[in-house]
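Report on the structure given below.
Protein chains: 2
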Amino acid sequence: MKSSLKQIAKALNLSTAGVSKALNDYPDISLATKKIVKSYVKKVGYKANNQAAYLRTRKTRTIGVIFPEVTNHFFSEILEGIMDQAQKNNYTLIIGHSKESMDEEKRLVNQFLQQKVDGILMSLAQNTSEFSHLEDVVSNETILVLFDKIARTVNCSKVSIDDKKAGFNATEHLIKKGCSKIAHFRGDLNPQNSIDRYLGYREALSLHNINYDANKVLISRKGSVKEGYLLAKKLYESGIKIDGLFCVTDMVALGAIRFFKEQKIDIPNEICIIGFSKTMVGSFVNPSLTSIDQKAIKMGKMAMKLFISEEKMLRTENRLENQYLELKTKLIKRESTDKIL
Amino acid sequence: MKSSLKQIAKALNLSTAGVSKALNDYPDISLATKKIVKSYVKKVGYKANNQAAYLRTRKTRTIGVIFPEVTNHFFSEILEGIMDQAQKNNYTLIIGHSKESMDEEKRLVNQFLQQKVDGILMSLAQNTSEFSHLEDVVSNETILVLFDKIARTVNCSKVSIDDKKAGFNATEHLIKKGCSKIAHFRGDLNPQNSIDRYLGYREALSLHNINYDANKVLISRKGSVKEGYLLAKKLYESGIKIDGLFCVTDMVALGAIRFFKEQKIDIPNEICIIGFSKTMVGSFVNPSLTSIDQKAIKMGKMAMKLFISEEKMLRTENRLENQYLELKTKLIKRESTDKIL
DNA sequence: CTGAAAGCGCTTACAG
DNA sequence: CTGAAAGCGCTTACAG
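Those protein sequence lines, which keep their order, are chains A and B. Position in the first sequence counted from 1, then plus 276, gives you this note's numbering. Position in the second sequence counted from 1, then plus 276, gives you this note's numbering.
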């Protein structure tokens, strides 16, 4: 039995306006009336109609979230961080995945704008190379926060890690373990993350006077275990000797470990390997995998907090102020780089 | 620049009704008019207002999804399955996590009903012991589909695996490997899954004339790695000898493996271990973990399909017909039960 | 403290 | 083929 304010008002001999105000705790309604209304509403199981309310308030208290993919522990944790904050602050979350396709990403953005979300939090697809849909969000007076896979040039709030620093730290860790012939299985060419990790790798080499060798840098498009395996095989068969390897993701590193183990190569003593993201698998594989911890839950939490602070500023001062947060990462040392010095 | 049908109508010298019909491809509008409207709408970047449309159509094309938690590969995959189907069928997904709390679950259900979702797909929290919020969904004429953690008694569509059969198969696999002293680290007492897996375990023992020993059954509340470790320790220190172990989740099995390895117990030759869910970690741990594959993506897909078929029936024949789907599971044999016979 | 009235942006039965 | 009008369920400025 679906009920509306009108029906409730009729049953209680009040006006719809009065009932609405009572439910929303307007100060100009008597406590007695509020009590009557609230208890009646509970009894009949009235569910407010958020869509109708929006038409007047212009606020849906809804946020759209877009991930490149969702079966990925890193993104699941970001989602958890976002969700926690959303539920605490009484926001509703709409979610979608682009499946690494810019077209699907654009479709989702458009759909979310039609849903009149108050804001969109998103991580870009690998092949997103054009940002008109992001400008669209902003021009529709909707708050935009990018996380993880961000676009530097878009005018909105952003949260990511300092990938360059993290790439630098990962590489320097290998150097400190005595590695001098260090390969890098990098990510695809577009995403800012993979560019920055690569730049960090180069910077570490340069600082420690190790010559950069382009032949030691291979590209992993999808960051999968299988690719890691194949790249390790390719490198091995090309005859290029290495004693260290920095992989753009833990998955790629796991694939590489699998290949090198098949070749009876001793990890870490012949080759030290470091991954990226600190996935759970890394702690169970043998040897366990050294990695960079990205603190995904925190990233989600901060993305939501950036939204909330922007929303507040928009509401109280009617202006926006974009923020760019870079979260610190942490090196997690495990067996795959625990070389006997 | 936000535009409405009214503004567009004015600009094109049409009525709002005409513009609305043109955009929704009503057959009684001339092709010429449609073309004009559509191209203009594209030019000015008009975004339809779904909330306003709902007020007339009574359809939000929105589905609410509730998970106990979301940082769990099994649930991520279910989400992927649901999302894929939702995006293909042009539905919007609202998501929330109960964090295994019935109160939060109730709050979410209520919130989703206020959002006027067309349906709710959910997996129950561990401690959900009372189902009034689920009856609420149904009495609000909203379609309800339960998946994974279901409640048998609630009158709605459901999709799960045949947990009893799966528990039976897991246990019988151990028996066929020559195990006769088989322990079971079961899940919490409430959820139907853990009850059914336990019943399958007992049935396999009984069929093969192995006496049931309650001392060999321990309860894991959260299904975590740590609990698996502690339960293995507890069992070991109690002096009860076992040669086989069936764990309610892969995580619990991983914890148990970790403990037994520390004790230098040979897995599988002294103790065979089987998990549940076929997580990625299981294939990387040493020894790799035998498990039951639940086909999570398919479960999500089917949950969404059940919704769609119910929605269609409701729309065309104005009646509901609940379905209960039990998906087949598959035994994935790996090293942890690969005993030399 | 309470109510009457307008209006948010759509869709749809109806008239022409 | 096109348009005028009503109404979905709320909120809010205004009047009393």
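Even for Gly, the Cβ is constructed at its ideal location relative to N, Cα and C.
When the cut-off is 9 Å and only beta carbons count, does residue i lie next to chain B?
i                      : result
residue 607 of chain A : no
residue 416 of chain A : yes
residue 539 of chain A : no
residue 277 of chain A : Low per-residue confidence applies at residue 277 of chain A: pLDDT is 49, beneath 50, and the placement is therefore not dependable, though the value from the model is reported in the following sentence. Output row for residue 277 of chain A: interface = yes.
residue 566 of chain A : no
residue 399 of chain A : no
residue 412 of chain A : yes
residue 386 of chain A : yes
residue 359 of chain A : yes
residue 508 of chain A : no
residue 487 of chain A : no
residue 330 of chain A : yes
residue 553 of chain A : no
residue 530 of chain A : yes
residue 369 of chain A : yes
For residue i and residue j, what's the separation of their Cα atoms in angstroms?
i                      : j                      : result
residue 573 of chain B : residue 589 of chain B : 25 Å
residue 410 of chain B : residue 420 of chain B : 8 Å
residue 358 of chain A : residue 366 of chain A : 12 Å
residue 293 of chain B : residue 383 of chain B : 39 Å
residue 363 of chain B : residue 297 of chain B : 24 Å
residue 349 of chain B : residue 308 of chain B : 51 Å
residue 486 of chain A : residue 480 of chain A : 8 Å
residue 429 of chain B : residue 436 of chain B : 14 Å
residue 545 of chain B : residue 565 of chain B : 14 Å
residue 371 of chain B : residue 514 of chain A : 48 Å
residue 277 of chain A : residue 318 of chain A : Residue confidence for residue 277 of chain A is low, a pLDDT of 49 falling below 50, so the modelled location carries little weight; the figure read from the coordinates is stated next. Answer to the nearest angstrom: the Cα atoms are 13 Å apart.
residue 463 of chain A : residue 498 of chain A : 8 Å
residue 466 of chain B : residue 504 of chain A : 42 Å
residue 387 of chain A : residue 608 of chain B : 40 Å
residue 417 of chain A : residue 329 of chain B : 20 Å
residue 620 of chain A : residue 415 of chain B : In the structure as shown, chain A begins at 277 and stops at 617. Residue 620 of chain A is therefore absent and cannot be evaluated.
residue 346 of chain B : residue 427 of chain B : 20 Å
residue 591 of chain A : residue 390 of chain B : 24 Å
residue 471 of chain A : residue 439 of chain A : 9 Å
residue 381 of chain A : residue 425 of chain A : 13 Å
residue 351 of chain B : residue 570 of chain A : 22 Å
residue 395 of chain A : residue 279 of chain B : 18 Å
Does DSSP put residue i in a helix, in a strand, or in coil?
i                      : result
residue 233 of chain B : Past the boundaries of the shown model lies residue 233 of chain B; chain B is included only from 277 to 617, so the question cannot be answered.
residue 324 of chain A : coil
residue 288 of chain A : helix
residue 340 of chain A : strand
residue 368 of chain B : strand
residue 450 of chain B : helix
residue 590 of chain B : helix
residue 617 of chain A : coil
residue 409 of chain B : helix
residue 264 of chain A : Nothing about residue 264 of chain A can be reported from this structure: the residues present for chain A run from 277 to 617 only.
residue 349 of chain A : helix
Who are residue i's beta bridge partners in DSSP?
i                      : result
residue 459 of chain B : B:521
residue 566 of chain A : A:550
residue 606 of chain B : B:569
residue 433 of chain B : B:421
residue 495 of chain B : B:462
residue 601 of chain A : A:435
residue 484 of chain A : DSSP output for residue 484 of chain A lists no bridge partner at all.
For chain A, find out if any of its Cβ atoms is closer than 9 Å to the Cβ of residue i; answer yes or no.
i                      : result
residue 449 of chain B : no
residue 536 of chain B : no
residue 376 of chain B : no
residue 317 of chain B : no
residue 323 of chain B : yes
residue 349 of chain B : yes
residue 372 of chain B : yes
Less than 8 Å separating the Cβ of residue i from some heavy atom of the ligand ADP?
i                      : result
residue 602 of chain A : Although the ligand ADP was asked about, the structure shown includes no ligands whatsoever.
(message) Using a Cβ distance threshold of 8 Å, determine whether the region 550 to 563 of chain B contacts the region 522 to 533 of chain B, with at least three qualifying pairs required.
(response) Output reads yes: the region 522 to 533 of chain B touches the region 550 to 563 of chain B.
(message) Using a Cβ distance threshold of 8 Å, determine whether the region 555 to 575 of chain A contacts the region 331 to 344 of chain A, with at least three qualifying pairs required.
(response) Counting C-beta pairs closer than 8 Å gives fewer than three between the region 555 to 575 of chain A and the region 331 to 344 of chain A, which falls short of the contact rule.
(request) Would you check if there are 3 or more beta carbon pairs closer than 8 Å linking the region 574 to 589 of chain A to the region 434 to 450 of chain A? (result) Because the criterion of three Cβ pairs below 8 Å is met, the region 574 to 589 of chain A and the region 434 to 450 of chain A touch.
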